[in-house]
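Below: the structure, in structure tokens.
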Amino acid sequence: MNAKNAAFVKSYTSASSLPEDLPQVACLGRSNVGKSSLINTLTGQKNLARTSSTPGRTQLINLFKIDNSFYLADLPGYGFAQLSKKERGRLEDLVYEYLNEAKNLRWALVIIDAFVGPTDLDEETVAFLESARIPHIIVANKIDQLSRTAQIQRYDEIKSRFPAVQVVPFSSVTGLGKQQLLTLIQEKATQRPRTWTSDQECVSLKAI
Ligand code: GTP
Ligand code: MG
Numbered sequence: 689m690n691a692k693n694a695a696f697v698k699s700y701t702s703a704s705s706l707p708e709d710l711p712q713v714a715c716l717g718r719s720n721v722g723k724s725s726l727i728n729t730l731t732g733q734k735n736l737a738r739t740s741s742t743p744g745r746t747q748l749i750n751l752f753k754i755d756n757s758f759y760l761a762d763l764p765g766y767g768f769a770q771l772s773k774k775e776r777g778r779l780e781d782l783v784y785e786y787l788n789e790a791k792n793l794r795w796a797l798v799i800i801d802a803f804v805g806p807t808d809l810d811e812e813t814v815a816f817l818e819s820a821r822i823p824h825i826i827v828a829n830k831i832d833q834l835s836r837t838a839q840i841q842r843y844d845e846i847k848s849r850f851p852a853v854q855v856v857p858f859s860s861v862t863g864l865g866k867q868q869l870l871t872l873i874q875e876k877a878t879q880r881p882r883t884w885t886s887d888q889e890c891v892s893l894k895a896i
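See below:
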């Protein structure tokens, strides 16, 4: 898959009217971590998803149709301290509504900032996905901001904090991890059932 056949579908203010015709893969993560940039990198289209150097850019559920076979969902970020508590709550509620209601959600990418390292909010997100039995992976984005030695240390730190979750180092600047992630997304979006246990995932990950 090269995901070059990608098109913006629609922005949704709630999860109640999402399409159900194709599987969905969600991009989750802290505000400004690079969720929208990752969609642009995967699809090879610079401005498909709107990005910004200031946090809080994505405020709705944005769906992109990829290769006519699945949707990528670009979601608002969590943990943006400069928003009012009410506004932050609204965005986080929208993300949880999506996770609870998107019937065809097959896989979630939890995108974390490799430079900053995993935060408590990232941990809460992974715990939520585990309890909701939504299969997921961690994408360690902005890996280009670390030296080679620091990259390895960060990878080990993330793995020790999330031992049952696969971690893919990624950079929208260098393109590192793009092919690996595209292959995984296609596999999970189109071939795997929703049911998942962390043990199963561990076994399948060892084979990759
Ligand atoms: P919200 O929609 O506000 O939650 O943000 P987002 O997670 O969608 O982040 P976005 O893609 O808008 O990117 C935020 C900033 O990070 C932009 O300035 C990007 O250029 C930058 N960025 C994204 N990915 C990378 C990366 O891999 N490496 C580096 N160095 N910068 C990146
Ligand atoms: Mg965004």
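Using this note's numbering, the first residue of the sequence shown is number 689, and each one after it goes up by one. Ideal Cβ positions, reconstructed from N, Cα and C, are used throughout, including at glycine.
Assign residue i to one of two classes, buried (16 or more other C-beta atoms within 10 Å of its C-beta) or exposed (fewer than that).
i      : result
Asp781 : exposed
Val804 : exposed
Leu893 : Unreliable positioning characterises Leu893 in this predicted model, as indicated by a pLDDT of 35, which lies under 50. A coordinate reading is not provided.
Thr813 : buried
Ser705 : exposed
Gln867 : exposed
Lys774 : exposed
Arg794 : buried
Gln841 : exposed
Thr739 : buried
Leu763 : buried
Lys876 : buried
Asp844 : exposed
Gly732 : exposed
Gly765 : buried
Gly767 : buried
So the candidates are the options; which of them puts its Cα closest to the Cα of residue i?
i      : options                        : result
Ser741 : Lys753, Ser724, Gln712         : Ser724
Leu710 : Asn690, Ile727, Ala737, Leu760 : Leu760
Gln833 : Gly863, Gly765, His824, Ile754 : Gly863
Gly865 : Phe758, Pro764, Ile727, Ala838 : Ile727
Ser719 : Arg745, Gly732, Ser704         : Arg745
Lys734 : Gln747, Val861, Gln841         : Val861
Leu869 : Pro806, Lys847, Val798         : Val798
Asn690 : Thr729, Leu706, Lys698         : Thr729
Ser859 : Lys830, Ser848, Arg849         : Lys830
Ser819 : Gln841, Asn788, Asn792, Leu751 : Asn788
Phe850 : Asn756, Gln839, Asn693, Asp808 : Asp808
Leu817 : Gln839, Asp801, Val783         : Val783
Ile749 : Pro823, Leu779, Gly767         : Leu779
Ile680 : Ala695, Val853, Gln839         : Here the chain has residues from 689 to 896 only, and residue 680 is not among them.
Ser835 : Val856, Ala802, Gly765         : Ala802
Ala694 : Pro806, Lys753, Ser848         : Lys753
Leu751 : Tyr766, Gln770, Gln712, Glu785 : Gln712
Ser757 : Asn792, Cys715, Tyr786, Lys698 : Asn792
Quick check: is any heavy atom of ligand 1 less than 6 angstroms from the C-beta of residue i?
i      : result
Ser719 : yes
Gln833 : yes
Val798 : no
Pro743 : yes
Ala847 : Residue identity differs from the one stated: residue 847 is Lys in this sequence, not Ala. Incorrect: Lys847 has no Cβ contact closer than 6 angstroms to ligand 1.
Lys734 : no
Asn829 : yes
Val804 : no
Ser819 : no
Thr807 : no
Val713 : no
Ser860 : yes
Thr813 : no
Ser757 : no
Thr739 : yes
Taking 6 angstroms as the cut-off, does the CB of residue i come closer than this to any heavy atom belonging to ligand 2?
i      : result
Ser699 : no
Thr746 : yes
Ser724 : yes
Should residue i be listed as close to ligand 4, given that the test is whether its C-beta is under 6 angstroms from any heavy atom?
i      : result
Gly767 : Only ligand 1 and ligand 2 can be found as ligands here, which leaves ligand 4 out of the picture.
- Query: What beta strand (DSSP E) runs, 3 residues minimum, are completely inside the segment 807-894?
  - Reply: 824-829, 855-857
- Message: Which runs of the alpha helix (DSSP H) at least 4 residues long sit entirely within the segment 747-816? Give them in chain order.
- Response: 773-789
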